[in-house]
Amino acid sequence: MKSPLLNKFHAAQIEGKGNPMMQLKLLLLMLVVCATADYVRPPPRKTLSFPWSKKPSALPQQVHISLAGDKHMRISWVTSDKHSPSVVEYGTSPKNYCFSSRGESTTYSYLLYSSGKIHHTVIGPLEDDTLYFYRCGGKGPEFQLKTPPSQFPITFALAGDLGQTGWTKSTLDHINQCKYDIHMLPGDLSYADYIQHRWDTFGELVQPLASARPWMVTQGNHEKERIPFLEDSFKSYNSRWKMPYEESASSSNLYYSFEVAGVHTIMLGSYTDFDENSDQYTWLKADLSKVDRERTPWLLVLFHVPWYNSNEAHQGEGDDMKAAVEPLLHAAGVDLVFAGHVHAYERSNRVYNGKSDPCGAVHITIGDGGNREGLAHKYIDPQPEWSVFREASFGHGELRIVNSSHAYWSWHRNDDDEPVRSDQVWITSLSGSGCLPEKGQELRNIVMEP
Ligand SMILES: [Fe+2]
Numbered sequence: 001m002k003s004p005l006l007n008k009f010h011a012a013q014i015e016g017k018g019n020p021m022m023q024l025k026l027l028l029l030m031l032v033v034c035a036t037a038d039y040v041r042p043p044p045r046k047t048l049s050f051p052w053s054k055k056p057s058a059l060p061q062q063v064h065i066s067l068a069g070d071k072h073m074r075i076s077w078v079t080s081d082k083h084s085p086s087v088v089e090y091g092t093s094p095k096n097y098c099f100s101s102r103g104e105s106t107t108y109s110y111l112l113y114s115s116g117k118i119h120h121t122v123i124g125p126l127e128d129d130t131l132y133f134y135r136c137g138g139k140g141p142e143f144q145l146k147t148p149p150s151q152f153p154i155t156f157a158l159a160g161d162l163g164q165t166g167w168t169k170s171t172l173d174h175i176n177q178c179k180y181d182i183h184m185l186p187g188d189l190s191y192a193d194y195i196q197h198r199w200d201t202f203g204e205l206v207q208p209l210a211s212a213r214p215w216m217v218t219q220g221n222h223e224k225e226r227i228p229f230l231e232d233s234f235k236s237y238n239s240r241w242k243m244p245y246e247e248s249a250s251s252s253n254l255y256y257s258f259e260v261a262g263v264h265t266i267m268l269g270s271y272t273d274f275d276e277n278s279d280q281y282t283w284l285k286a287d288l289s290k291v292d293r294e295r296t297p298w299l300l301v302l303f304h305v306p307w308y309n310s311n312e313a314h315q316g317e318g319d320d321m322k323a324a325v326e327p328l329l330h331a332a333g334v335d336l337v338f339a340g341h342v343h344a345y346e347r348s349n350r351v352y353n354g355k356s357d358p359c360g361a362v363h364i365t366i367g368d369g370g371n372r373e374g375l376a377h378k379y380i381d382p383q384p385e386w387s388v389f390r391e392a393s394f395g396h397g398e399l400r401i402v403n404s405s406h407a408y409w410s411w412h413r414n415d416d417d418e419p420v421r422s423d424q425v426w427i428t429s430l431s432g433s434g435c436l437p438e439k440g441q442e443l444r445n446i447v448m449e450p
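Structure follows, in C-alpha cells:
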C-alpha cells in the first residue's frame, strides 16, 4: 500500500540531511512509521446521495441483464410511464437493430410506495462472446452488452453485500477495470431495508456495469423486507431481479441454476426452506442429478450465509443449512462455494464436515462489497485448520476458469481506492480427481431415494 507516512518520511530524509534537530525528528517519524507499517484499514464510507432529477417518464432506468437459458439474455429495466412497451430492439452494430423481442412487465406496491413499470424481456438466440447493441422500450439511450464465451476461458467477478456507499462505488470501479464475463452476487444487494426508493437508486448505481455484463444474483437477509401481516418476504427483490428459475426447472426465483462455458452454477436461498422435505432440497437433488461433468467440468454453488466462517460475526448462522445440504454438495463433488453475509473475506481449504478434505469444496466468503454497516473485524482465535486466508477489508474476487481442470482465484482489496491483489490461488477441479466416480454413485443413491 502507498502509506502517506512513508511518503512524508522520504521527503523529510531529503530535506533533513546534516541538521541534528531534523535528524531527531526523522528518528521519531521513523518510529511512528515502523509502528504503523501494517495495513491501515480504512473506515466505512458514507451512503451515496442521489439527487432527484426529473427524467422523461418513458426513459429506461435501472437497466440490468441476466442469463436466461442457453444463448438467451433477460433485459430488465424500469420506466415511470406505465404505458411504455416491454420491447427490446437489438443487433450487432450500433443503431442497427435487426432483431426485436417483446417481454412481460410487473409493478408492486409496498406500504405507501408504488414501483414504476418493471420490464423483463428475453432476447435471443444470441451469438457467443459477441458485442450487442440494444435499446429498451423503443426510445432512450443505446446500451451495449457482451455475451459470455461458450468455451474456456471464462472469468467471473464476485462481490456480495454491496449496498450503495463510497466503498461500493470503489468496488464497482475495480470490477469495471477487470475483464470479466459474468458478475455473481451472493446476496444483500441494495440495503434498501424497507425504504423502497433505495432499490431505485441501487439500480441506477449498478446500471453501468449491470447493463453490460450479466449479473447473476441470489438473495440475502436484506432482501427479505417482510412486515408481518402487511408485506411478504422478497417482494421487491423478486419483482426487480428476476433470475432464470423457470429456465432451470425451479418453481422459485430464490433458487435456480445456469450453465455457461463448461461451468454449472447453482444459486441457493439461505432464507428459504432447505430441509429434506423442502421444495428447494428436492429441486437441488434433481438439478445435481442432471449435471454432466463431461460437459460442465466445474460445479459452483452460491448462497448468502457462509457455512465455513471463522469471523465472530454471524457465527454458526449457516449450521442448519450446512447440516441439511452439505452431504448433497459433497456427493456431487462441488468445486467452489461462495457466500456473503459476513463483511470480510475468507478462503478455506477444500473442506467437508468441519475438516479439510481433498474431496470437499473450497469455501469463500466474499461479503465485502462495501455496504454501510462496515467491516466485521473480530476473528476466532486460533484460526481453524481449514481456514487459509482471512481479512476484514472491502474488495472483490475474480475467478478465471482457464480450462476444464484449472482455475485461478484472486481477491482484490480496495486499498485506498486502488485494487490490490491480496490473495490468489490455483484451484484444480474435482472432475477427474478420483473423488467423483465413487461420489457420483453416492449422489445417484441420494437422488434415487424416495
Ligand atoms: Fe447478510
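In full-length UniProt numbering, the protein residues as written are 1 to 450. Ideal placement from N, C-alpha and C gives every residue a C-beta, glycine not left out.
Sequence-distant residues of the same chain with beta carbon closer than 6 Å to residue i, five excluded per side
i	result
S101	V88, T121, I123
E259	T296
A392	A344, L375, A376, H377
Y180	T155, A157
S76	H64, H120
S190	R198, W199, F202
T130	T147
Y113	Q196
E317	V305
P419	H174, H412
N371	D161, G163, Y191
V425	W409
N- and C-terminal bounds of the alpha helix (DSSP H) containing residue i
i	result
G203	197–210
Q61	Note, Q61: premise wrong, no alpha helix (DSSP H); beta strand (DSSP E) at 61–67.
S170	166–177
R239	First, the residue type needs correcting, since residue 239 is Ser and not Arg in the sequence shown. Counting along the chain, the alpha helix (DSSP H) containing S239 begins and ends at 235–240.
Inter-residue CB distance, residue i and residue j (contact presumed, cutoff 8 Å)
i	j	result
Q219	H304	7 Å
L209	L185	About 11 Å; that fails the 8 Å criterion.
T428	S410	Not quite, the Cβ-Cβ distance comes to about 16 Å (not below 8 Å), so this is no contact.
Q207	Q62	6 Å
L48	Q196	Actually they do not touch by this definition, with Cβ atoms about 17 Å apart.
V217	M243	7 Å
G116	T168	Contact doesn't hold; Cβ gap of about 22 Å is too wide.
G69	S86	That pair is no contact at about 18 Å.
H363	V337	5 Å
Y255	T272	7 Å
S310	Y379	6 Å
V301	L268	7 Å
G432	A159	Contact doesn't hold; Cβ gap of about 30 Å is too wide.
S289	Y110	Not quite, the Cβ-Cβ distance comes to about 38 Å (not below 8 Å), so this is no contact.
N414	F394	4 Å
L172	M73	Not confirmed; about 21 Å, so no contact.
P153	R347	Between R347 and P153 the Cβ distance is about 21 Å, and since that is not below 8 Å, they are no contact.
Same chain, Cβ closer than 8 Å to residue i, five either side skipped, listed in chain order
i	result
A35	Caution is warranted here: a pLDDT of 35 is assigned to A35, below 50, making its placement in the model unreliable, and the coordinate value is therefore given only provisionally. Nothing listed; no residue qualifies.
C435	G333, P358, C359
G354	W386
D319	W307
E142	P94, K95, F133, Y134, R135
Spatial neighbours of residue i in its chain, beta-carbon cut-off 7 Å, leaving aside the 5 residues before and after
i	result
G360	H330, R350, V351, Y352
D232	R226
N253	N238, K242, M243, Y245
R421	S410, H412
E373	H343
D287	S248, S257, I266
K71	G124, P125, L126
R45	T165, G166, W167
D417	S170
N176	L209
H222	D188, Y191, D193
Boundaries (first-last residue) of the beta strand (DSSP E) holding residue i
i	result
E385	Taken as a continuous stretch (DSSP letters only), E385 belongs to no beta strand (DSSP E), as it is neither H nor E.
H377	Where H377 is concerned, there is no enclosing beta strand (DSSP E), given that its DSSP letter is neither H nor E.
A157	154–158
S257	256–260
H222	Looking at the DSSP string, H222 is not in any beta strand (DSSP E), and its letter there is neither H nor E.
K146	143–146
P186	182–186
A192	Premise fails: A192 is in no beta strand (DSSP E) and is neither H nor E.
T265	263–267
T272	First-last for T272: undefined, no H or E at that position.
key: Entirely enclosed alpha helix (DSSP H) segments - the stretch 44–132, minimum 4 residues   = Within the stretch 44–132, there are no complete alpha helix (DSSP H) runs of at least 4 residues.
request  = Mind listing, in chain order, the continuous alpha helix (DSSP H) runs of no fewer than 4 residues lying wholly within the stretch 288–353?
outcome  = 319–332
request  = Output the residue ranges of the beta strand (DSSP E) runs that lie fully inside the stretch 389–442 and measure 3 residues or longer, sorted by chain position.
outcome  = If we require 3 residues or more, the beta strand (DSSP E) runs fully inside the stretch 389–442 come out as 395–401, 406–415, 418–428.
ask   = Using the beta carbon as the reference atom, which residues fall closer than 5 Å to any heavy atom of ligand 1, ordered along the chain?
value = D188, G220, N221, H341
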